[in-house]
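Residue numbers (full-length UniProt numbering): 1 to 929. We treat Cβ as the ideally placed atom computed from N, Cα and C, and that holds for glycine. Everything numeric in this text was worked out from a predicted model, so none of it was measured. Report on one structure; see the data block that follows.
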Amino acid sequence: MKKMSRNVLLQMEDEEDDDDGDIGDVPASRPFLTPHTHLPSSLVLENLGQTIISDLGSLESQQDFRTPEFEEFNGKSDSLFFNDGQRRIDFVLVYEDESRKETNKKGTNEKQRRKRQAYESNLICHGLQLEATRSVSDDKLVFVKVHAPWEVLCTYAEIMHIKLPLKPNDLKNRSSAFGTLNWFTKVLSVDESIIKPEQEFFTAPFEKNRMNDFYIVDRDSFFNPATRSRIVYFILSRVKYQVINNVSKFGINRLVNSGIYKAAFPLHDCKFRRQSEDPSCPNERYLLYREWAHPRSIYKKQPLDLIRKYYGEKIGIYFAWLGYYTQMLLLAAVVGVACFLYGYLNQDNCTWSKEVCHSDIGGKIIMCPQCDKHCPFWKLNITCESSKKLCIFDSFGTLIFAVFMGVWVTLFLEFWKRRQAELEYEWDTVELQQEEQARPEYEARCTHVVINEITQEEERIPFTAWGKCLRITLCASAVLFWILLIIASVIGIIVYRLSVFIVFSTQLKNLNGTDPIQKYLTPQTATSITASIISFIIIMILNTIYERVAIMITNFELPRTQTDYENSLTMKMFLFQFVNYYSSCFYIAFFKGKFVGYPGDPVYWLGKYRNEECDPGGCLLELTTQLTIIMGGKAIWNNIQEVLLPWIMNLIGRFHRVSGSEKITPRWEQDYHLQPMGKLGLFYEYLEMIIQFGFVTLFVASFPLAPLLALVNNILEIRVDAWKLTTQFRRLVPEKAQDIGAWQPIMQGIAILAVVTNAMIIAFTSDMIPRLVYYWSFSVPPYGNHTSYTMDGYINNTLSIFKVADFKNKSKGNPYSEQGNHTTCRYRDFRYPPGHPQEYKHNIYYWHVIAAKLAFIIVMEHLIYSVKFFISYAIPDVSKRTKSKIQREKYLTQKLLRENHLKDMTKNMGVIAERMIEAVDNNLRPKLE
Numbered sequence: 001m002k003k004m005s006r007n008v009l010l011q012m013e014d015e016e017d018d019d020d021g022d023i024g025d026v027p028a029s030r031p032f033l034t035p036h037t038h039l040p041s042s043l044v045l046e047n048l049g050q051t052i053i054s055d056l057g058s059l060e061s062q063q064d065f066r067t068p069e070f071e072e073f074n075g076k077s078d079s080l081f082f083n084d085g086q087r088r089i090d091f092v093l094v095y096e097d098e099s100r101k102e103t104n105k106k107g108t109n110e111k112q113r114r115k116r117q118a119y120e121s122n123l124i125c126h127g128l129q130l131e132a133t134r135s136v137s138d139d140k141l142v143f144v145k146v147h148a149p150w151e152v153l154c155t156y157a158e159i160m161h162i163k164l165p166l167k168p169n170d171l172k173n174r175s176s177a178f179g180t181l182n183w184f185t186k187v188l189s190v191d192e193s194i195i196k197p198e199q200e201f202f203t204a205p206f207e208k209n210r211m212n213d214f215y216i217v218d219r220d221s222f223f224n225p226a227t228r229s230r231i232v233y234f235i236l237s238r239v240k241y242q243v244i245n246n247v248s249k250f251g252i253n254r255l256v257n258s259g260i261y262k263a264a265f266p267l268h269d270c271k272f273r274r275q276s277e278d279p280s281c282p283n284e285r286y287l288l289y290r291e292w293a294h295p296r297s298i299y300k301k302q303p304l305d306l307i308r309k310y311y312g313e314k315i316g317i318y319f320a321w322l323g324y325y326t327q328m329l330l331l332a333a334v335v336g337v338a339c340f341l342y343g344y345l346n347q348d349n350c351t352w353s354k355e356v357c358h359s360d361i362g363g364k365i366i367m368c369p370q371c372d373k374h375c376p377f378w379k380l381n382i383t384c385e386s387s388k389k390l391c392i393f394d395s396f397g398t399l400i401f402a403v404f405m406g407v408w409v410t411l412f413l414e415f416w417k418r419r420q421a422e423l424e425y426e427w428d429t430v431e432l433q434q435e436e437q438a439r440p441e442y443e444a445r446c447t448h449v450v451i452n453e454i455t456q457e458e459e460r461i462p463f464t465a466w467g468k469c470l471r472i473t474l475c476a477s478a479v480l481f482w483i484l485l486i487i488a489s490v491i492g493i494i495v496y497r498l499s500v501f502i503v504f505s506t507q508l509k510n511l512n513g514t515d516p517i518q519k520y521l522t523p524q525t526a527t528s529i530t531a532s533i534i535s536f537i538i539i540m541i542l543n544t545i546y547e548r549v550a551i552m553i554t555n556f557e558l559p560r561t562q563t564d565y566e567n568s569l570t571m572k573m574f575l576f577q578f579v580n581y582y583s584s585c586f587y588i589a590f591f592k593g594k595f596v597g598y599p600g601d602p603v604y605w606l607g608k609y610r611n612e613e614c615d616p617g618g619c620l621l622e623l624t625t626q627l628t629i630i631m632g633g634k635a636i637w638n639n640i641q642e643v644l645l646p647w648i649m650n651l652i653g654r655f656h657r658v659s660g661s662e663k664i665t666p667r668w669e670q671d672y673h674l675q676p677m678g679k680l681g682l683f684y685e686y687l688e689m690i691i692q693f694g695f696v697t698l699f700v701a702s703f704p705l706a707p708l709l710a711l712v713n714n715i716l717e718i719r720v721d722a723w724k725l726t727t728q729f730r731r732l733v734p735e736k737a738q739d740i741g742a743w744q745p746i747m748q749g750i751a752i753l754a755v756v757t758n759a760m761i762i763a764f765t766s767d768m769i770p771r772l773v774y775y776w777s778f779s780v781p782p783y784g785n786h787t788s789y790t791m792d793g794y795i796n797n798t799l800s801i802f803k804v805a806d807f808k809n810k811s812k813g814n815p816y817s818e819q820g821n822h823t824t825c826r827y828r829d830f831r832y833p834p835g836h837p838q839e840y841k842h843n844i845y846y847w848h849v850i851a852a853k854l855a856f857i858i859v860m861e862h863l864i865y866s867v868k869f870f871i872s873y874a875i876p877d878v879s880k881r882t883k884s885k886i887q888r889e890k891y892l893t894q895k896l897l898r899e900n901h902l903k904d905m906t907k908n909m910g911v912i913a914e915r916m917i918e919a920v921d922n923n924l925r926p927k928l929e
């Protein structure tokens, strides 16, 4: 196919555009391939001369219109090349032949065919080579294979500032500090005889005029398949195909979204279950499945270099972060299990729980009803089992674990920064200087002309300052509305708790304390479990709806670049998810049971529902239940969804292809029938892990087993994600990435907030501070009667007395007069008894406890924050060795380029000198003769 000298654009001023939205629109007079400012002008003209062109009229008037070559499938199912066996397939476009469609919309089919043919013709104009082949199982499908020749790759490698090898890296690798453990790390590592380590090179941004400086052993392998796919996708995303009202339509994404093409993707290099028959195939997909995605490799380290090579740095950095996070969770899980075992083994020594369960103490304490009219008086010992469970979590080990996690999260973030810096060096993204192109959606709206204050030249923007303020206001209002909607759902759950508690109390009031059901299922427990399940269901429903709403809001906001788009969407989604997942936990931890008044003067919600109280042991156990249900349910749901959904979709697709089951299927057709992974697929993977990170850190004081659950989930998550990518999804277009982006500051914010939440959980949700105050102050004189410090009498001391005759009910008098001859009952608070001059007012114990709680929060926060800041200061983000390597490589690279430049100059000057001597000699010789 000969390269054309100009583009073919369809001018369809009078035709309707049947595409969706304005994605891929740009004024026809404006170039799309914006060059880097420091590129040579000759290269800019060479590259853009074929893009900035005049319109050429309708399709029928085109005499130089070019189409791909049609070739029959050659029967080689593992081939990654055109039929000639020489040109590598860098990308595949799939469409349905309009002439064979079973539809009556001939006008629509013809219009789509013309757009596609114009687009393919313009691809040829940009130097790409195309070859079309019909499907072997469905003759309506046509696969257009795209190949980028050497000149095109070199041109766009310079435009995209792709760093390529100069010479092999001769810097020595760091030796392991744990030499004696090499045998252990060898077991966990991937066998180097199977996946060979990648050779390291000194690199520099590619320049065509300095091609001799680069390490080009073989032109076919100089650009690896991932780099070739990136370059081709860059071209595919920017080639025009149509003009409507002086606005150009362009980009493969728009063509796919409008149905003109059914898919566009790079090829996997082989089947995942067996190696390719082609001896030149590297079989990287097979190696990734065998050594990374297969269940038998679950204990091995990830082959991060091969992941990065095959899928690109953006996917590689995600799995590197997830793997490092999982490794750090191992330490947190060990400490968490140790604290749990400490509480479990010492629950028999829990004095206050023994008093609750004792028949002569808890069995004789009559508790006040916890709702109006329908709730009975009840004995304290019916909460015996829950008090035993609470001893496991509300122990001294919990305090130690909360302090440890405050330090752990700082160590994780700081050491991850160091690890990330090492990956930046190893993966050559230290100086990632990609001038990111504006998104097509942004370009489509650039209709307002303004004067740039710096360049004093005209430039186009999508909206004025007033329009930008209006968009920001509308987007912020929409986000606020959805957050208020979540808060409303939380209030609905609270109302459910208050109303259903009355039902459970009524149903269980006739059971005695020895009944097996009432022994384990109290009204508080039943209410907590059912409310947690309903809360989880509402969370998942709102999550599904808001994902679409957040994308719509971000699209309306119109960020300029893809990075800006992802950061904006990240903040919206995380803010919503933060409220969605954590609101019920915050309610239980910091609001439930805190504003209930006392039996004679209770506090009512909405003037109707009496505010619910905590169990006599506190709300900590309920918070633990809530965390277990939400965290465990979310992990199980996500893993089932991630495994079953793509597997079922691919299974259905295989059933629909029964007719071609016995035919040999080419590589591109096998990949087409895999599931596509959306642009935000990786975004949702990050979001899932960050939400989990919040559960592990924010509320860990109530559930020390949270890191263990997260560890088990993440071990499975890594392999499930690997299995999806290698077996169920088409190959992604490789993308560059230097770090994990906006997720890093989000984790840092969570780490700071976690110190406050855990301190407040220990102070206000658990009973640790009241117990310590009683032990050190109120168990001995002047406030107590014991001769030595003890926890005996704690329950009796912390339950206030209420006179039944003092119950208030304006219309019916005492609502509990028919529920027995009880004269007094007990309730959980620190108030003076009836008959005291300050009856039902807070007593001295209450003020001691409040002072101790506030002092504990201040001391714990300042202690942990001091340690965090010291750790952050003491641990540099980039290790000294990595800095030295970066500086050394930079020095050697510059030296190498300078030496090569001097060699070229010396060689050129030598040639010039020889020519001058030869010219002078030729001029002087006739005179001498």
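Annotated three-state conformation of T824 is strand, per DSSP. For E131, the uninterrupted beta strand (DSSP E) segment begins and ends at 129-134.
Per DSSP, the unbroken alpha helix (DSSP H) holding I871 starts and ends at 844-874. When C-alpha distances from W637 are compared across M540, A706, M689, the shortest belongs to M540.
As computed with DSSP, L799 is found in a beta bridge with R828. K883 and K240 have their C-alpha atoms spaced approximately 44 Å apart. Boundaries of the beta strand (DSSP E) around K167: 163-168.
In this structure, the alpha-carbon of Y286 lies about 10 Å from that of H294. Going by DSSP, P707 is part of the alpha helix (DSSP H) stretching over 706-723. For A333, DSSP records no beta bridge to any residue. Checking the DSSP bridge columns, you'll see Y156 has no partner listed. If the five residues before and after Y832 are omitted, its C-beta is found closer than 7 Å to the C-beta atoms of Q838, E839, Y840, K841, N843, all from its own chain and listed in chain order. Of all alpha-carbon atoms in K417, A465, P462, T665, the one lying nearest the alpha-carbon of V878 is that of K417. Short of 7 Å from the beta carbon of V500, and not among the five residues preceding or following it, lie these beta carbons of its own chain, in chain order: T527, T530. Collapsing the DSSP output to three states places K145 in a strand.
Each of F578, W668, K468, D564 was checked against the Cα of L484, and the nearest Cα belongs to F578.
If you ignore the 5 residues before and after E613, its C-beta comes within less than 6 Å of the C-beta of Q370, G593, V596, all in its own chain and listed in chain order. Under the DSSP assignment, P282 falls outside any alpha helix (DSSP H); it carries neither an H nor an E label. Residue S766 holds the alpha-carbon nearest to the alpha-carbon of A589 among G406, K679, S766.
Beta-bridge annotation (DSSP): T410 is not paired with any residue.
The residues G406, V755, in chain order, have a CB closer than 6 Å to that of I864 in the same chain once the five nearest residues on each side in sequence are set aside. For E685, the uninterrupted alpha helix (DSSP H) run begins and ends at 681-698, by DSSP. For L123, same chain residues with a beta-carbon under 8 Å away, outside a window of 5 residues either side, are L130, V146, I235, L236, V239 in chain order.
Take the alpha-carbon of I533 and the one of I629: they are about 7 Å apart. L753 sits in a helix when the DSSP states are folded into three classes. The beta carbon of S489 sits closer than 7 Å to the beta carbons of I538, L542 from its chain, once the five residues preceding and following it are set aside; these are given in chain order.
Of the residues assessed, M909 falls on the exposed side of the cut-off, its CB having fewer than 16 other CB atoms within 10 angstroms. Of the residues assessed, Q86 falls on the exposed side of the cut-off, its CB having fewer than 16 other CB atoms within 10 angstroms. Judged by DSSP in its simplified three-state form, R497 adopts helix. Here the C-alpha atom of G127 lies approximately 7 Å from the C-alpha atom of P149. Cβ contact annotation for S702 (same chain, cutoff 6 Å, sequence separation greater than five): L620, L623, T624, I761, in chain order. In the three-state reduction of the DSSP assignment, F206 falls in the coil class, being assigned neither a helical nor a strand state.
Secondary structure at V878: coil, using DSSP grouped into helix, strand and coil. Separation of Y215 and A204 (C-alpha to C-alpha, rounded to the nearest whole angstrom) is 11 Å.
Judged by beta-carbon spacing, N650 lies beyond the 8 Å limit of L329, meaning their Cβ atoms are not closer than that value. Of all alpha-carbon atoms in I795, S777, N796, the one lying nearest the alpha-carbon of T787 is that of S777.
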